[in-house]
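Asks: Chains as they are written, first to last, in this note's numbering: chain A, 1 to 88; chain B, 89 to 392; chain C, 393 to 1158; chain D, 1159 to 1318.
Just so you know, even glycine gets a beta-carbon here, dropped at the ideal spot from N, CA and C.
Bear in mind that the values here come from a model prediction, so they are computed numbers and not experimental data.
Take a look at the following structure, please.
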């Protein structure tokens, strides 16, 4: 199971848990499973098949540019962080 | 910018006739480094631009028999600071000429232009004042002479009336045992407008230990460049020492009535007057005692 | 010849034995650039070209009641006039433009204001005319009726209840992409990170230092003004000649603002006269396009210099409160940061990287970070070299310096004790891969500069560290192998600082040929695969990787040709050091090229990459300076920049990045700032009064390159370009403290500010 | 539009005539009319030096010269620094020393530096920095530019 670190402002959805486990070999599947366990995640994280504006997803310490199709491994560690908008 | 007519007369008479005919529609072009910017930005308007650089008197350096110098109104700065005789006679003027804008500006800009632009922060005006320069002005009514310290009347304004133009700056012979220095304070080391500037001129008494006569002029601390008369008078007969110069700086501060603007707060400018008067007097003293008269490259501490 | 140029010290990776990488070939575009032949945006000359000019708002905040362009249209020589009425209605559409989401309505309204102007200098209308003089004359004939509104320019003022609102409907994003605040405000985003129990950790700390810092708006200051030329053909095809950091990004932004398919837009990248992040957004392209559509002629618009300062995106002013606690040994145990950056006129500034960079150099167990992006009546802020990181490094490195002083510890030792390393978890979550901060700090400590005594009154030395993420993103490249043994390389990364060469060198290394045998071309959007912007310190890393992939493809195709010659299996052909071989057969790359046309034709190869393995860059800077205590003026005496640069492909250009970034940071630290009057008008929109350093203001900048290879790149490349701007303000502030005893908590440390701090402190001369 | 004025001048050793309006700058004319686009517009205000050309041997900001003032003048632009076959030592040293990144300021620096070395073949570092302070560069931090000028000064001495 991959570990998802939940940022403080989303911990409402997890009942205060700072990290949760979820299954899924792609970000899409992982978020979908996460949403089943903790309803609301999918809406927060995905908009129109893309990672929601303003957000970035770090999988194993690399901010992915592959959106919901990014590969997730069995022991991956996921962080939800702000996107570097314009910050390039 | 709006288009205009361009004339380049060959004589003073022609130029004065043109200027008199066209009155406020006309602007004189010398080096152009101020007027072209002002026309482009709409700060000044002109229907006629009169380029005076084809007039021989405006482009010449003429040493007079009495040892004095007439600097043509449009002689560019680089001519002055590349002339060893000018450097030796009037070092504060070449100090100024060497730091007005960058090299590219100095290839065009002239002391006459700097004076006629009449900015309170002009670098050359304090130097011209302390070296005792007089403006030779031509106009429809003939010639007249005005000391530089009386030339500027307000920011961007001066005594020239319609039809008049500055022909040259007349400098008295440089005295024995005298030296001068211009210093300005700017946040960068080059390419900047003076937050405050100071011209200092000294003549030493016999033995070189006392001040026989001093002249001090300040820029960017009043609507026009000014003379620090009280400090000048106080210095007379005083020992030529750091202590005297510090005191003179304190007295000179009282002459300052600066405004706060983006280049510096008023109290800071007033403070700088004291620092610059002291440093410029020290520089003038060194030269009066035979030190190097070449313009100083303003990098490093205390060389602002 | 090269001994004259005094190159940097390079601390090499011992396993490194490259032939081309690490050498210093002359750049491929060099001769064109020293002879004046290179074509920059404003050098484009086309048949029938006319020139445009932009009308800018004299108000910092106002409703536009009406715009009357009739008189301008009637002016002789005027060909077209446009306002935002000519743009399609974009509603509230958010587009994902490769580098991140952009609110299209904001993007368009920044190109030409819609119903409100939000800052002085906001573009309102544009004119195309026979020449720029006429276009500017016509601007004066456009009548705009404004209803002035109250303004707010200070970030903290703008956060207060009752502050004038820039966007009536703006609700703070409390969670990125999710929950929003209930009442409108100027705060567009609130970011929040928390780890551990900060309160208890501060309670238990041996020493706690807390300080507040402010910085002012600064501009990238590229010497080339923004310029764009557009030609909208009768067949609906739009061609844009742009000075942009990303031709594909410019194409996407332009097509979205104009709501035309990207296939209808071709962007031809010109040589670009500096960007530093400021030439990622578009300003002129859609405006020139609409004018061209209206008049049927190609239209070129070049911004005036005051237009660049007032109308493009500088980087934000900020307010920061930083608190750090250490135990008796100096180990950092607790950190707290409260940051507010102004985003300017529209939401979406650089607070995101700010909150992620603030404690990024250190391993801190308990930390709490809040960051706010706040709209104010100033130009829409944009990226500037390591956006958002310089601000926080200035603040944090000042506090770290103060801790070292209180602990009576060497400031580098304190940093070494707490430095992030492989495995350290950043406060925002991610864990560091192999990084080189420790190596860089050690190199600084051992450097002659740090070991030399500094003597003389009012002199001081400061050090500071800095961090930047670097990025990967997408790059493509195509190569044609020529019969003479050279390779033509098409790539899409606009070359701002010599990247044609750093990319070509990676292809040359792969192929075992000379860098001069590669002929690189920066191609237009129709001629090369999709490539993201030149920014984020990514081009040598990602486009370089595309070139390596291209090289591998070439080798594999050429092995087949060699196999044909030798009647063997391609799998049996070996390639090494530019030689193909099998058994006793061998042939050089060049020789084989000559035989290509007879073995099936010349070869083309291509690659498209989206590498994920980019990694971070850390810098440590050492600065000696002297303060003129009578005037408050600071003179930099000696400066050394050290950086963990991965493999330095072309060391001269790595040094150049370190030196250029350092001097930009020195400018930011000492004199650069936007000055505003009470009406929100910028007072200093000229290169005279916006005081960037001149050659006379800085010393030589010594550099040390520490090559800690990036394990995810075949040659170990890390990004380099952005990190060097991060440490200077902190290093200079710490040096000013050491020289005068005064801690400067405001940027810039301009002479009046330093003098006033000295005077208030009572130590200096009055 | 204003009345056009006829101007005869010499640019890079060739006699040239052009028509211009009085308000047009020398920079506009050499770039747009004479298509010598080596001189660049950075500020159009005399503050950056990117448009530096030599007028009668003296460096000037061509944005602050009216084109009509070029009547009878001798002008040199960056295009004249190299001869038909060889780059000037300054150009070689700028390339070998990587003294340019984006390259927009380079033509102005080369023209100023050439004027400097022509009049002053062995300048000190401080003199180089002072004389080039009218040319702004935002990419290099000036280090490599100053070194390139120093290297060119050495190389020109060797040639002599």
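#1: Suppose the cutoff is 7 angstroms on Cβ atoms and the five residues either side in sequence are ignored; what does the same chain contact list for residue 230/B look like?
#2: For residue 5/A, which residues of its own chain have a beta-carbon under 6 angstroms away from its beta-carbon, when the five flanking residues on both sides are left out?
#3: In whole angstroms, what separates the C-alpha of residue 522/C from that of residue 612/C?
#4: With 8 angstroms as the threshold, decide whether the Cβ of residue 183/B is near any Cβ in chain C.
#5: Whose Cβ in chain C lies nearer than 7 angstroms to the Cβ of residue 136/B?
#6: Please name the residue or residues paired with residue 82/A in a DSSP beta bridge.
#7: For residue 1222/D, which residues from the same chain have a beta carbon less than 6 angstroms from its beta carbon, with the 5 sequence-adjacent residues on both sides left out?
#8: Give me the subset of the stretch 270-287 of chain B whose CB atoms are less than 9 angstroms from a CB atom of chain C, sorted by chain position.
#9: Which residues in the same chain as residue 12/A place their Cβ atom closer than 6 angstroms to its Cβ, once the five residues preceding and following it in sequence are excluded?
#10: Measure from the C-beta of residue 1203/D to each C-beta in chain F and report whether the shortest distance is under 8 angstroms.
#11: Straight-line CA distance for residue 123/B to residue 111/B?
#12: Please report the distance separating the alpha-carbon of residue 765/C from that of residue 453/C.
#13: Could you check which residue in 119/B, 149/B, 114/B and 336/B has the C-alpha nearest to that of residue 132/B?
#14: Helix, strand or coil: which one does DSSP assign to residue 1298/D?
#15: Can you list, in chain order, the stretches of the alpha helix (DSSP H) that have 4 or more residues and sit fully within the stretch 1041-1089 of chain C?
#16: Please list, in chain order, the residues of the stretch 114-125 of chain B that have any C-beta partner in chain D closer than 7 angstroms.
#17: Taking only runs that begin and end inside the stretch 113-185 of chain B, name each unbroken beta strand (DSSP E) of 3 or more residues, in chain order.
#18: For residue 911/C, report the span of its beta strand (DSSP E) as first-last.
#19: Short of 6 angstroms in beta carbon distance, which residues of its chain neighbour residue 770/C, apart from the five on each side in sequence? Order them along the chain.
#20: Answer yes or no: does any C-beta atom of chain B fall closer than 8 angstroms to that of residue 1219/D?
#21: In this structure, does DSSP put residue 1178/D in helix, strand or coil?
#22: Rounded to a whole number of angstroms, what is the C-alpha to C-alpha distance between residue 411/C and residue 1111/C?
#23: Do residue 563/C and residue 572/C have their C-beta atoms within less than 8 angstroms of each other?
#24: CA-CA distance, residue 177/B and residue 145/B?
#25: Please look up how many angstroms separate the CB atoms of residue 1297/D and residue 666/C, rounded, as I've assumed it's under 8 angstroms.
#26: Residues of the stretch 494-514 of chain C with a CB closer than 9 angstroms to any CB of chain B: list them in chain order, please.
#27: If you measure beta-carbon to beta-carbon, which residues of the stretch 1172-1191 of chain D are closer than 8 angstroms to chain B?
#28: Compare the C-beta of residue 1299/D against all C-beta atoms of chain C and say whether one is closer than 8 angstroms.
#29: I'd like the list of long-range same chain contacts for residue 32/A, defined as Cβ closer than 8 angstroms, with 5 residues on each side in sequence excluded.
#30: Looking only at its own chain, which residues have a Cβ that is under 7 angstroms from the Cβ of residue 873/C, when we skip the five neighbours before and after it?
#31: Can you tell which of 981/C, 794/C and 892/C has the C-alpha that lies nearest to the C-alpha of residue 724/C?
#32: Taking residue 1270/D as part of the alpha helix (DSSP H), name the residues at either end of that continuous run.
#33: Let me check understanding here. Comparing Cα to Cα, which of 1301/D, 1312/D and 1167/D lies closest to residue 1281/D?
#34: Assuming contact is defined by CB atoms lying nearer than 8 angstroms, are residue 479/C and residue 500/C in contact in what I supplied?
#35: For residue 1268/D, return the contacting residues in chain C, with the cut-off set at a CB-CB distance below 7 angstroms.
#36: Pick out whichever of 1081/C, 583/C and 561/C has its Cα sitting closest to the Cα of residue 574/C.
Replies: Based on what the coordinates show:
#1: none
#2: 19 and 79
#3: 31 angstroms
#4: no
#5: Those within 7 angstroms of residue 136/B in chain C number zero; the least Cβ separation is about 17 angstroms.
#6: 55/A
#7: 1204
#8: 273, 274, 275, 276, 277, 278, 279, 280, 281 and 283
#9: none
#10: Reference to chain F is not applicable here, since the protein chains of this structure are A, B, C and D.
#11: 17 angstroms
#12: 19 angstroms
#13: 114/B
#14: coil
#15: 1043-1062
#16: 120, 121, 124 and 125
#17: 114-117, 136-139, 149-151 and 157-160
#18: 910-914
#19: 511, 545 and 736
#20: yes
#21: strand
#22: 21 angstroms
#23: yes
#24: 21 angstroms
#25: 6 angstroms
#26: none
#27: 1179, 1180, 1181 and 1183
#28: yes
#29: 24 and 42
#30: 879, 946, 985, 988, 994 and 995
#31: 794/C
#32: 1264-1277
#33: 1312/D
#34: yes
#35: 426
#36: 561/C
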